[in-house]
Amino acid sequence: MNLSFARTQSSFATSTRDLSDLVIEDNTVCLRFRVFYFRQVSSLVSARRPTRTGLDISLSIYACISHLSAVIYLQVLFKTIRQRIGKFSKFFDLPRDLETWRWYHFCGTYMSLSSELVLYLDGQEVIREEEVEAGRVDVQHLLLGLGVNMGSSYAFSGQITQANFWSRALSEKQVRELSDCTLDLGGDLVSWEGEWNLTEVTVENIPNSKVCDKDEDNTTYILLALQSFPSAASTCKAMGGYIPAPTTVPASWTLALTLLPSQPGIMSTHDLIKPYSDRCNGGRLFVGGTDEAKEDEWRDAFTGELLAFPEREDPFWGSGEPNGWRFQNCLTTLGVYVSDTQCLRESCSVCRIPSHQVWTLRGICEEETRHYYFTSSKVGLNATAFQGYTGYVIDAANELWVFRDEIKGVVMATLNATENEHPVGRRLWNFEQPQCDQDPGPRYLSLISCRDGQFACDDGSCIAMRLRCDMKYDCRDKSDEVRCAIVEFGPQYEQTLPARSPVNPSGVLLLSADVLIETINIISTDMIMDASFVLELSWLDSRVTYQNLKATTSLNLIPWHLAQKLWAPTILFTNTDGNMRTVVDIDSTLYVDRGSGAFQTDLTRPDVVELYPGSSTILSMSRKYSIQFKCHFDLTLYPFDSQHCYMKLRVSGSTSDYIGFNRNSTARYNGSELLMEYSVGETTLSVDNKEEFAALKVKLELIRRSGYAILNIYTPSLTLIIISYVTLFFRADMFEVRVMSALTALLVLATIFTQFLFLPSTPSSHPYFPYIFRELFILLSSNFLIFLSLCPIDIPRLLFYAF
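Numbering (UniProt numbering), first residue to last: 1 to 803.
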């Protein structure tokens, strides 16, 4: 026995068993149910207390929170489950969404001794909650279909069978056997085989084989109109199905018989399609196989699997078939035979839509997701109706596809059926009722069968989401590379206003800076560091939403025309001539890093889009700069000194009360460590958010390469002094040689001294002047003393010999 309940307040069933004298502690409630329509609250089971206490147990399918007050009830929502026992009440997520027109077996067990609650769906444990204190339960009667004191909005629309209530907690094995229909166990408190008082409830006798079969075959076969095989395959894919590829003669009959299996006397495809032969190429049907990849190697056009077709002489093939060589790569059936044909030649096709195909109607505006889901059903040879989870229906009438609210009796929108064989895909509907705060008129809707992680092409076919906007066409209609904008601005977005902190709107927005120094050149004469570096700034902007983001950040570049509309921070380089600053120009790169953040979906949009909120998605701006920074060198210890040069950055336009630098900012030097005069040491970064404007300072350590000064200044000078000194040991009669050697050394040192003295920059402005002048003066004086030392020794001696 199966009970069918209407969507009215007066449709319910009551058990005649009076339980008011029993004390119930451990308990189990099990039943099978099938939902026709999901209501806001769809009550399955409720238990009436004795009159003095009211309601005790309820089992409901919900789409929102119930306001019932009960000691024990069990509520199965569209996406979640709610269980209450005594003081305990909690929502639990279901492992999958419930569907309409599908049988489910549900059990809830409670063990008072261990305070443990276990919920089962189709024999599988889905919830186990411990430390549940239930207490005593007083129950009088069990009700099915409508809760006690509930209005019509709580009415259950569907079928219920095998509802039982036990005074003990069933084991997991018993629950599984009940679900598999291998155990026939009636409840000791309330049994399905007991007496029930029915009020506006229809009794139907459905075989247990259909009720118990979780994979009941509700496959739908639809005849597709005359079109080429690629077009037919695309249409069938869009409907979530495929074109069968039978490999035997009986199977080719089945291909046709599945269309109208209830018609007696039909023995072949030709007989079945005869009324439509004028528009089906004489009654031919495409077979879902092709040998386009390799001649005579027939593969399933939808799965790519190799098809085990019989040899050419088999009756499966028509006379001499296949004979089209590489010019005919598709197959059709005519009667009981299969022959090859050109893929672009138009024929009809049979599309097989799997059982329990779920459709999503995107583009309408509903508060609850249950309104967006549909199932398909066949209403004719080549006609399909789509039944919504909540009373919406899409079917054909008067050469129109009509989207209507069956419960309210209102036509929502229409679509021209002569131009659209099926309403699947992205279509422009004409709304007759206001929708999404818009007046009646044209609006795009998408009826698709794609699952999570898939993108719906405009024709309704599905591809992997990662193929969306990847700069190559993957959809047959090329719709995967249109509407690929990355940034979506909020209604109150203002470019001149800085972004706000996503954590605290009145707090400080933190900028993360990454300074990558590629090359530096130290201009010692001007105390300047010429640096070429890449500055990357990252921040969060909760005013924007990002979409179509890829895991590879380099693919998430923001086009220049959108980058101009985005707010970006302005940073001053304060220790430069003219206070240079960052700019957003054609050389700037703006990109989005989606990271590992979760994305959202918006069913009110006709397109399948993964949305990433700006409050948790990082926006980065990168640009290369070549700037001269002023430095100050202390050369007291020259040439054994170490210097430090700074790159000073400061936020412009907003004080540190609004924008600051994140302390996780980084700086690194990526160039050669050895320069002409210096070697580059440690690179550090410091942040100061305490001043009026937030500042950041990059410090580079420059270690003097003393060998440069020693080899180029001290070594030549000392060599000349040594040469001059060695002349003292020449023989006295070699006075001219001694004098000329000393004078030559003196002349060379004097030349070095004068060249340094008359550099392009004035001596007073040269950073090395005081220090090198000191060294040169010492060296020059030493050489001059050597020259003078020759006089007291050699001049008197020469005069003696002369006279």
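Just so it is clear, CB atoms sit at the ideal spot from N, CA and C, and this is done for glycine as well.
Helix, strand or coil for L365, going by three-state DSSP, please let me know. For clarity, residue 365 is Cys in the given sequence; the question names Leu instead. Coil.
Inter-stretch contact (C-beta, 8 angstroms, three-pair minimum) for the region 652-659 and the region 525-535: no
Looking at T16: is its Cβ nearer than 7 angstroms to the Cβ of E195? yes
Does DSSP classify C212 as helix, strand or coil? helix
Local Cβ density within 10 Å of I520, reported as buried at 16 or more and exposed below that: buried
Residue span of the beta strand (DSSP E) that contains Y638, given as start and end: Where Y638 is concerned, there is no enclosing beta strand (DSSP E), given that its DSSP letter is neither H nor E.
Exposure label - R668; buried when at least 16 CB within 10 Å: Burial is judged here by how many other beta carbons sit within 10 angstroms of a residue's own beta carbon; R668 has fewer than 16 and is exposed.
Between the beta-carbon of G425 and the beta-carbon of C351, is there less than 7 angstroms? Their beta carbons are not under 7 angstroms apart, which means G425 does not touch C351 by this criterion.
Spatial neighbours of P502 in its chain, beta-carbon cut-off 6 angstroms, leaving aside the 5 residues before and after: Taken in chain order, the residues that qualify are L540, S542 and S615.
Just the C-alpha distance for D438 and D405, rounded to the nearest angstrom, thanks. Residue 438 is actually Gln in this sequence, not Asp. Straight-line Cα distance between these residues: approximately 18 angstroms.
Between the Cα of R468 and the Cα atoms of D607, V411 and T182, which residue gives the shortest distance? The shortest Cα separation from R468 among D607, V411 and T182 belongs to D607.
Express the C-alpha separation of L603 and G289 in angstroms, rounding to a whole number. 35 angstroms
Note down, in chain order, each residue of its chain lying with its Cβ closer than 6 angstroms to the Cβ of A238, except the 5 sequence neighbours on either side. Hits under 6 angstroms: V424, G425, D459, G460 and S461.
Is it the case that the Cβ atoms of S347 and R284 are separated by a distance below 7 angstroms? yes
Under the assumption that T617 contacts Y546 (Cβ atoms under 8 angstroms), give the Cβ distance between them as a whole number of angstroms. Yes, they are in contact, since the Cβ atoms of T617 and Y546 sit about 5 angstroms apart, within 8 angstroms.
Going by DSSP, what residue range makes up the alpha helix (DSSP H) through P716? T715 to V726
Taking the straight line between their C-alpha atoms, what separation do you get for G595 and E610? 14 angstroms
From what residue to what residue does the beta strand (DSSP E) around F661 run? Its beta strand (DSSP E) spans residues I659 to F661.
Look at the alpha carbon of Y444 and the alpha carbon of A134, and state the distance between them as a whole number of angstroms. 51 angstroms
Should Q159 be labelled buried (16 or more other beta-carbon atoms within 10 Å of its own) or exposed? When all chains shown are included, Q159 counts as buried.
Per-residue burial, P434 [other beta carbons within 10 Å of its own, 16 or more giving buried]: exposed
Using the Cβ count rule (16 or more neighbours within 10 Å means buried), how would you classify I353? buried
Helix or strand or just coil, what does DSSP make of residue 808? The shown model of the chain, from 1 to 803, leaves out residue 808, and the question about it has no answer.
Tell me, which residues are paired with K630 by DSSP? I528
Just to confirm the assignment, what range does the alpha helix (DSSP H) spanning W567 have? Taken as a continuous stretch (DSSP letters only), W567 belongs to no alpha helix (DSSP H), as it is neither H nor E.
For Q162: DSSP bridge partner residues: Q162 is not bridged to any residue.
Do L19 and Q162 have their C-beta atoms within less than 7 angstroms of each other? At a Cβ-Cβ threshold of 7 angstroms, L19 and Q162 do not count as neighbours.
Using the beta-carbon count (16 or more within 10 Å), is G441 buried or exposed? exposed
Between the Cα of F38 and the Cα atoms of D93, I127, S234 and G145, which residue gives the shortest distance? G145
Okay, do the region 486-502 and the region 565-576 touch, 3+ Cβ pairs below 8 angstroms being the bar? yes
Buried or exposed for W560, please, with buried defined as at least 16 other CB atoms from any protein chain shown within 10 angstroms of its CB. exposed
Selected residue, minimal CA-CA separation from F286, among W325, S231 and D296: S231
Would you check if there are 3 or more beta carbon pairs closer than 8 angstroms linking the region 656-666 to the region 690-700? yes
So what does DSSP say about P502, is it helix, strand or coil? coil
For H105, which three-state DSSP category applies? strand
Which residues DSSP lists as bridging I520, in chain order: A531
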